[in-house]
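Taking it in order: structure first as structure tokens, then the write-up.
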Amino acid sequence: MNTLYTDNFPHMSPVWGRIFNFVAERAEGSYIYTTDGKKLLDFTCGIGVTNTGHCHPKVVEAVREQAGNFLHAQANIVIHKPMLQLIEELRKITPPSIDGFFFSNSGAEALEGAIKLARVATGRQNVIVFSGSFHGRTAGTMALTTSKTIYRAGFGPLPSGVFVSPFPYAFRLSMTEEQASEYALEQLEYLLASQTAPKETAAILVESILGEGGYVVPPTSFMKGLREICDKHGILLIFDEVQSGFGRAGKWFALEHFDVVPDIISAAKGIASGLPLSGVFSSLGIMKRWDVGSHGGTYGGNAVACAAGVATIRAMRDEKMLENTNERGIQLMTGLRKLQEEYPQIGDVRGKGLMIGTEFIVDNKPEKAKPMVKEIIHAAEENNLLLLSCGTYDNTIRWIPPLNVTSEQINDGLKIFEDVLKTTIQ
Ligand SMILES: Cc1ncc(COP(=O)(O)O)c(C=O)c1O
Numbered sequence: 066m067n068t069l070y071t072d073n074f075p076h077m078s079p080v081w082g083r084i085f086n087f088v089a090e091r092a093e094g095s096y097i098y099t100t101d102g103k104k105l106l107d108f109t110c111g112i113g114v115t116n117t118g119h120c121h122p123k124v125v126e127a128v129r130e131q132a133g134n135f136l137h138a139q140a141n142i143v144i145h146k147p148m149l150q151l152i153e154e155l156r157k158i159t160p161p162s163i164d165g166f167f168f169s170n171s172g173a174e175a176l177e178g179a180i181k182l183a184r185v186a187t188g189r190q191n192v193i194v195f196s197g198s199f200h201g202r203t204a205g206t207m208a209l210t211t212s213k214t215i216y217r218a219g220f221g222p223l224p225s226g227v228f229v230s231p232f233p234y235a236f237r238l239s240m241t242e243e244q245a246s247e248y249a250l251e252q253l254e255y256l257l258a259s260q261t262a263p264k265e266t267a268a269i270l271v272e273s274i275l276g277e278g279g280y281v282v283p284p285t286s287f288m289k290g291l292r293e294i295c296d297k298h299g300i301l302l303i304f305d306e307v308q309s310g311f312g313r314a315g316k317w318f319a320l321e322h323f324d325v326v327p328d329i330i331s332a333a334k335g336i337a338s339g340l341p342l343s344g345v346f347s348s349l350g351i352m353k354r355w356d357v358g359s360h361g362g363t364y365g366g367n368a369v370a371c372a373a374g375v376a377t378i379r380a381m382r383d384e385k386m387l388e389n390t391n392e393r394g395i396q397l398m399t400g401l402r403k404l405q406e407e408y409p410q411i412g413d414v415r416g417k418g419l420m421i422g423t424e425f426i427v428d429n430k431p432e433k434a435k436p437m438v439k440e441i442i443h444a445a446e447e448n449n450l451l452l453l454s455c456g457t458y459d460n461t462i463r464w465i466p467p468l469n470v471t472s473e474q475i476n477d478g479l480k481i482f483e484d485v486l487k488t489t490i491q
């Protein structure tokens, strides 16, 4: 027998806290097929990455073709066609003021770049982030990440110059959206008056929709308020669209929901359907403040990854995936809200497009719901549905199926979830 698949993987670093233990053979569309013959409905998309479904034929074809043409065309040395095509496609889906594009490999790397850019462009040092934020786990980005202490504990000292303001998390604050917005903006003004002077503040960094921190959509008034505060003080506004971008929230970028244009966008995950690619998008005026060669990387904007990015955007457009995201999102939200009526442990159902969270609470306490959510996720896997949790207390289930998921697959997922709730919640 091949011990590779049976010995509990002793040589994989245990730092990968594994949620599931199956070994994947292959994947197609909304399904993963395991080595022991299971077919799993995948509503995790590799944490919101495979937005066009697993192994979308057009993406696979583009990858195959590009792999035969040029694998690694290092960006300082070779200008390659897929990067130029990707920029052309991105210009059609980003706000017109965003006309400068830099590519890297991971979400965290994009955030590192965005912060460096904001600092050098403003000549200021400090950055404001929001509670519950997740921006990565590199030495720099862990200081920006406040969703869980596990991402920081033991790794100090953290880089300085990062200040944290409350996110308008209406449900957790027991406020209306507008009250939460007003409160969060007031606290931000207070931070600027008490801890980080505007003249020392380079950027305000916010996830367009809070991801790992609990799938919370900020009120439009809050996002507009951030823009106003930034404009007033010459602070740059950075929207982290790593998780919420590329159609996930029913628009090309979630920022379109708020009608607010940031100065810098960080993007990754869904950009290339699974190939490692990320980006910092801004105006050329801001991009020109970077000294030539002061930022970069060996692999950033890899030719095969860029080809996958081009194919991803075209497939999403040609196959009307945004429309599907909005329709399936309503279907999923409606189904989940129906279940919420039966199960008071589901405290909140929220989201945009196919970025939906169901927050569980017990005795009005999020931390008490953590074991329940863990049990639900394991029971769902036993019933061939893959789900993920999020939130500081891991008490929210995030629903992130592929954007071309079918109506039948959404119904299958809801049915499994309902059956699981029946057996796990007494
Ligand atoms: C909003 C957001 N920003 C940044 C990151 C970091 O991306 P990566 O894991 O590719 O470094 C993530 C990852 O989940 C994310 O959700």
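For the numbering used here, count along the sequence shown from 1 and bump the result up by 65.
Glycine included, C-beta positions come from ideal geometry on N, C-alpha and C.
Since we're looking at a predicted model, the values are computed, not measured.
Segment limits, alpha helix (DSSP H) that includes residue i
i	result
SER347	Unbroken run through SER347 is the beta strand (DSSP E), 343-347; no alpha helix (DSSP H).
GLU272	No alpha helix (DSSP H) contains GLU272, which is instead part of the beta strand (DSSP E) from 266-272.
LYS123	122-134
ILE180	172-187
ARG393	386-407
GLY358	Where GLY358 is concerned, there is no enclosing alpha helix (DSSP H), given that its DSSP letter is neither H nor E.
VAL438	435-447
ILE112	110-113
Start-to-end residues for the beta strand (DSSP E) that takes in residue i
i	result
PHE167	165-169
MET420	420-425
LEU105	104-107
ILE84	Unbroken run through ILE84: none, as it is neither H nor E.
ILE97	96-99
THR461	461-464
Simplified DSSP state of residue i, which is helix, strand or coil
i	result
ARG91	strand
VAL326	coil
PHE236	helix
VAL192	strand
LEU452	coil
MET66	The predicted model places MET66 with a pLDDT of 45, which falls under 50 and marks its position as unreliable; any figure quoted below should be read in that light. In this structure, MET66 counts as coil in the three-state DSSP scheme.
PHE287	helix
ILE292	In the sequence as displayed, the identity of residue 292 is Arg instead of Ile. Note: ARG292 maps to helix in three-state DSSP.
THR261	coil
ILE351	helix
PHE311	coil
ILE490	coil
SER493	The displayed coordinates of the chain run from 66 to 491. Any statement about residue 493 would go beyond what the structure contains.
GLY365	coil
THR159	coil
ILE411	strand
SER331	strand
TYR280	coil
ARG379	helix
LYS417	strand
GLY478	helix
SER230	strand
SER198	coil
ASP305	strand
LYS213	coil
THR206	helix
8 Å contact criterion, which residue i and residue j should meet: CB distance rounded
i	j	result
ILE441	PHE108	That belief does not hold up - the Cβ atoms of ILE441 and PHE108 are roughly 13 Å apart, past 8 Å.
ASP279	GLY197	Residue identity differs from the one stated: residue 279 is Gly in this sequence, not Asp. Contact flag correct, Cβ pair sits at about 6 Å.
ARG354	LYS264	That belief does not hold up - the Cβ atoms of ARG354 and LYS264 are roughly 17 Å apart, past 8 Å.
VAL125	LEU340	Incorrect: roughly 11 Å between the Cβ atoms, too far for contact.
GLU243	PRO283	Not a contact, Cβ separation roughly 12 Å.
ARG575	VAL281	This structure cannot speak to residue 575, because the chain is shown only from 66 to 491.
ILE158	ILE378	7 Å
LEU106	LEU451	7 Å
GLU306	SER273	5 Å
CYS455	GLU277	5 Å
ALA179	ILE294	Between ILE294 and ALA179 the Cβ distance is about 18 Å, and since that is not below 8 Å, they are no contact.
GLN410	ILE490	6 Å
TYR234	ALA245	7 Å
CB contact check: residue i to chain D, cutoff 8 Å
i	result
GLU483	No chain D is present in this structure, which holds just one protein chain.
- Kindly confirm or deny that the stretch 324-335 and the stretch 308-315 touch, where touching means at least three C-beta pairs closer than 8 Å. As far as the Cβ criterion goes, the stretch 324-335 touches the stretch 308-315, which means the pair count is three or higher.
- Task: Please write down, chain order preserved, every residue whose beta carbon lies under 6 Å from a heavy atom of ligand 1.
- Result: Any residue whose Cβ sits closer than 6 Å to a heavy atom of ligand 1 makes the list: ILE112, SER171, GLY172, ALA173, LEU176, PHE199, HIS200, GLY201, GLU272, GLY276, GLU277, ASP305, VAL307, GLN308, ALA333.
- Message: For the stretch 197-212 against the stretch 373-382, do three or more pairs of beta-carbon atoms, one drawn from each stretch, fall closer than 8 Å, so that the two count as touching?
- Response: The stretch 197-212, when compared against the stretch 373-382, does not touch it at the 8 Å Cβ threshold.
- Task: Count the CB pairs spanning the stretch 257-272 and the stretch 172-191 that are closer than 8 Å, and state whether there are at least three.
- Result: At 8 Å Cβ cutoff, the stretches touch.
- Answer yes if the stretch 431-450 comes into contact with the stretch 480-490, meaning at least three C-beta pairs across the two stretches below 8 Å, and no otherwise. Yes, since at least three Cβ pairs between the stretch 480-490 and the stretch 431-450 fall closer than 8 Å, the two stretches touch.
- Item | Validate contact between the stretch 356-371 and the stretch 154-173 using beta carbons, cut 8 Å, 3 pairs | Per the Cβ contact rule, the stretch 356-371 is in contact with the stretch 154-173 (3 or more Cβ pairs under 8 Å).
- Query: Counting Cβ pairs closer than 8 Å, one from the stretch 402-418 and one from the stretch 172-180, do we hit at least three?
  - Reply: Too few Cβ pairs lie closer than 8 Å, so no.
- Message: With three or more C-beta pairs closer than 8 Å as the rule, is the stretch 285-301 touching the stretch 255-263?
- Response: Put simply, the stretch 255-263 touches the stretch 285-301. At least three CB pairs are less than 8 Å apart.
- Would you call the stretch 459-474 and the stretch 428-441 in contact, with 3 or more CB pairs under 8 Å? Counting Cβ pairs under 8 Å, three or more are found: they touch.
- Message: With three or more beta-carbon pairs closer than 8 Å as the criterion, would you say the stretch 116-123 touches the stretch 138-155?
- Response: Cβ pair count under 8 Å is below three, so no.
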